[in-house]
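K.L.:
Sharing a structure here in structure tokens format.
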Amino acid sequence: MRIYFMTFGCKVNLYETAAMEGMFAERGYVLSDRPDDADICVINSCTVTSESDNKAGQALRRLRRLRPDAVIAVTGCYPQALPEAEKMLPEADIVTGTKDRSRLPDLVEDFLDKRTRTVYIPEYGLRDEFEKMSCTAIPGHTRAFLKIQDGCDRFCSYCMIPYSRGRIRSKAPDDLRSEAEALAKAGYSELVLTGINLAFYGAEFGMNLADAVEICNGIDGIKRIRLGSLEPEMMTDSVLDRLSACEKLCPSFHLSLQSGCAKTLKAMNRRYTPEEYFSLAEKLRARFADCSITTDVMTGFPGETEEDFIESYEFVKRMRFADIHVFPYSVRRGTRAEKMPCQIDGGTKHRRAEKMSALGREMRREFLESQLGRTCPVLFEREKNDGFHGGYAPNYTFIKILTKNSEKSLRNMVFYVTIDKIGDDCCFGYIEDGRDPDVSGISAENL
Ligand code: SF4
4 MRIYFMTFGC KVNLYETAAM EGMFAERGYV LSDRPDDADI CVINSCTVTS
54 ESDNKAGQAL RRLRRLRPDA VIAVTGCYPQ ALPEAEKMLP EADIVTGTKD
104 RSRLPDLVED FLDKRTRTVY IPEYGLRDEF EKMSCTAIPG HTRAFLKIQD
154 GCDRFCSYCM IPYSRGRIRS KAPDDLRSEA EALAKAGYSE LVLTGINLAF
204 YGAEFGMNLA DAVEICNGID GIKRIRLGSL EPEMMTDSVL DRLSACEKLC
254 PSFHLSLQSG CAKTLKAMNR RYTPEEYFSL AEKLRARFAD CSITTDVMTG
304 FPGETEEDFI ESYEFVKRMR FADIHVFPYS VRRGTRAEKM PCQIDGGTKH
354 RRAEKMSALG REMRREFLES QLGRTCPVLF EREKNDGFHG GYAPNYTFIK
404 ILTKNSEKSL RNMVFYVTID KIGDDCCFGY IEDGRDPDVS GISAENL
């Protein structure tokens, strides 16, 4: 039987899709990269915004029209956060959440046997185990996502994630080591450690994020370790010192801010002040040369006055981020913020978001200009059909080089590139002659 997965949302969901694909492949199912010829279609949903919920519903209806006879399952954060959601997904034969992902193959085979619609959304408790899942391939990706943490205990007032992911829990260090070794053996040279609240890795068994990075830092074959999104918590001086001692750790940090206004952060139930955030960023910049810090900023949170917005704007300006993702606040049914007074009208939210985004573009350009003239190792991962090879530098700058011989793939190879031009969202450069790449031994002139 052929099975097709459609994935929405974050790197954790991408990882879990790859792990579920592995489970089905072990049972002899053939993975398909399109639904047209699939007997089974699985939508791995996200619920970070109401729009994400709608997208899952629309995808389901589209798939049912396309494949009236296929078995269709909807899994992931949407049904888990809103169990009543299964009523909104009548076209689905199977509806499950994020808990017990490993049950999906059994549920599919039960359905194939009994043809009875199945809803399986067990609730999270206060101390669930980290579900053992592993994957040795992330199809279509050069860098391997490695999920090491799940759940969140923070309950920010606008967020549904704690309801869709349960309480914090972490992958056991031995499982982490063996899975990272397997990914290195499978040829991945960069690992992206990811989680729902990654900064809380190991909190429940007396370890922390530095322990996870040190484990990966010691594995042969792994050349780079990158961290997924981070909350600005748990990053003590000793954790930062240990992280900066890991030579394979990439100096790029996506440190979620949400607002630069102390009053708004309090209303969001975020556990830091703008000054604490600033000091953490300074500590990162002091320990990691040429590090890039990026972030998420929300505008128009309930109660945000024009003064609050300006305070946030001025703080973001002071931070000189390498890039920012701006989100106008979107009401989430079931969150505390939904019921807060002083909801901001859409026009104001979007006007503020546009002003913040313009600042973001300015900072992005400044950051890219600061990379001019630098020579850095680039892990190539894409051949753009516009005649460029592309890949990321350690500080997550995307760099393109013109290909002389576009037939040759540089995928998963590292070359030293000197940056000589910038684009809107990337840099351009050329391979430094004589600086043999640290993987393939192919010299620049015969590329
Ligand atoms: S830290 Fe806050 S925003 Fe992040 S997942 Fe947890 S509750 Fe949501």
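Residue numbering for the sequence shown follows our numbering, starting at 4 and increasing by one per position. Glycine residues also receive a C-beta, built at the ideal position from the N, C-alpha and C atoms.
With a threshold of 6 Å on Cβ separation, who are the neighbours of T20 within its own chain once the five nearest residues in sequence on each side are excluded?
P.N.:
F8, T10 and N47
K.L.:
Give me the Cβ distance between P82 and I124, rounded to the nearest whole Å; I'm assuming they're in contact under 8 Å.
P.N.:
Indeed they touch by this definition, with Cβ atoms about 6 Å apart.
K.L.:
Following the continuous beta strand (DSSP E) through C80, name the residue where it begins and the one where it ends.
P.N.:
Looking at the DSSP string, C80 is not in any beta strand (DSSP E); the run it does join, the alpha helix (DSSP H), is C80 to A84.
K.L.:
Compute every distance between the C-beta of R339 and the non-hydrogen atoms of the ligand SF4, then say whether any falls below 7 Å.
P.N.:
Checking the 7 Å criterion, the Cβ of R339 is out of range of every heavy atom belonging to the ligand SF4.
K.L.:
Less than 6 Å between C-beta atoms, sequence neighbours within five positions excluded: which residues of the same chain meet that for V442?
P.N.:
At V442, the pLDDT of 44 sits below 50, so the modelled position is not reliable and the matter cannot be decided from this model.
K.L.:
Below 7 Å, is the gap between the Cβ of P165 and the nearest heavy atom of the ligand SF4?
P.N.:
Result yes, Cβ under 7 Å from the ligand SF4.
K.L.:
Mind checking whether R168 and T101 have CB atoms under 8 Å apart?
P.N.:
yes
K.L.:
Over what stretch of residues does the beta strand (DSSP E) that includes E309 continue unbroken?
P.N.:
Per DSSP, E309 belongs to no beta strand (DSSP E); it is in the alpha helix (DSSP H), E309 to M322.
K.L.:
Tell me where the alpha helix (DSSP H) around Y7 begins and ends.
P.N.:
It is not in any alpha helix (DSSP H) - Y7 instead sits in the beta strand (DSSP E) that spans R5 to T10.
K.L.:
Verify the contact flag: I6, CB atom, against every heavy atom of the ligand SF4, threshold strictly below 7 Å.
P.N.:
no
K.L.:
What do you reckon, is the C-beta of I171 under 7 Å from a heavy atom of the ligand SF4?
P.N.:
no
K.L.:
Which residue comes first and which comes last in the alpha helix (DSSP H) that contains A175?
P.N.:
It is not in any alpha helix (DSSP H) - A175 carries neither H nor E in the DSSP assignment.
K.L.:
Who are Q261's beta bridge partners in DSSP?
P.N.:
V300
K.L.:
How about the region 235-244 and the region 281-296: do they share at least three Cβ pairs that are nearer than 8 Å?
P.N.:
yes
K.L.:
Since S247 and F291 are thought to touch, with beta carbons under 8 Å apart, how far apart are those beta carbons, to the nearest angstrom?
P.N.:
Right, the Cβ-Cβ distance comes to about 6 Å (below 8 Å), so this counts as a contact.
K.L.:
Return the chain-ordered list of same chain residues with a C-beta closer than 6 Å to the C-beta of M343, the five sequence neighbours on each side being excluded.
P.N.:
P305
K.L.:
Looking at the secondary structure, which residues open and close the alpha helix (DSSP H) in which E3 lies?
P.N.:
Because the chain here runs from 4 to 450, residue 3 falls outside it and cannot be looked at.
K.L.:
For D177, which of R106, D214 and T52 has the nearest alpha-carbon?
P.N.:
For the residues R106, D214 and T52, the minimum Cα distance to D177 belongs to D214.
K.L.:
Can you have a look at C345 and say buried or exposed, based on whether 16 or more other CB atoms are within 10 angstroms of its CB?
P.N.:
exposed
K.L.:
Which residues bound the beta strand (DSSP E) around N220?
P.N.:
From DSSP, N220 is part of no beta strand (DSSP E) but of the alpha helix (DSSP H) over L212 to N220.
K.L.:
Rounded C-beta distance between R367 and D299? I'm assuming under 8 Å.
P.N.:
At roughly 14 Å, the Cβ-Cβ gap does not stay under 8 Å, so R367 and D299 are not in contact.
K.L.:
Which whole runs of the alpha helix (DSSP H) in the region 44-80 are 4 residues long or more, in chain order?
P.N.:
53-69
K.L.:
What does a CB cutoff of less than 8 Å around L362 pick up in its chain, not counting 5 residues either side in sequence?
P.N.:
Y316, V319, K320 and I327
K.L.:
According to DSSP, is G444 part of a helix, a strand, or is it coil?
P.N.:
Interpretation of G444 is limited by its pLDDT of 43, a score under 50 that renders its predicted location unreliable; no figure is taken from the coordinates.
K.L.:
What do you reckon, is the C-beta of C159 under 7 Å from a heavy atom of the ligand SF4?
P.N.:
The answer is yes for C159.
K.L.:
Is T101 helix, strand or coil when you go by DSSP?
P.N.:
coil
K.L.:
Assuming K14 and F148 are in contact, meaning their beta carbons sit under 8 Å apart, how far apart are those beta carbons, in whole angstroms?
P.N.:
5 Å
K.L.:
Under DSSP, the beta strand (DSSP E) around S35 begins and ends at which residues?
P.N.:
V33 to S35
K.L.:
Could you give the first and the last residue of the continuous beta strand (DSSP E) run that contains E193?
P.N.:
E193 to T197
K.L.:
With a CB to CB cut of under 6 Å and the five nearest residues on each side skipped, what residues in its chain are close to G444?
P.N.:
Only weak support exists for where G444 lies, its pLDDT of 43 falling under 50; the value from the coordinates is given anyway. So the list is empty, once near-sequence residues are dropped.
K.L.:
On the CB-based measure, 16 or more other CB atoms within 10 Å of its CB, does L66 come out buried or exposed?
P.N.:
buried
K.L.:
Per DSSP, what kind of secondary structure is E118 in: helix, strand or coil?
P.N.:
Note that residue 118 is Arg in the sequence shown, not Glu. Of the three classes helix, strand and coil, the one that applies to R118 here is coil, per DSSP.
K.L.:
Between the Cα of S105 and those of M26, D42 and T119, spot the shortest distance and give me the residue it belongs to.
P.N.:
M26
K.L.:
Please state if the CB of C294 and the CB of P331 are separated by a distance shorter than 8 Å.
P.N.:
no
K.L.:
According to DSSP, is K403 part of a helix, a strand, or is it coil?
P.N.:
strand
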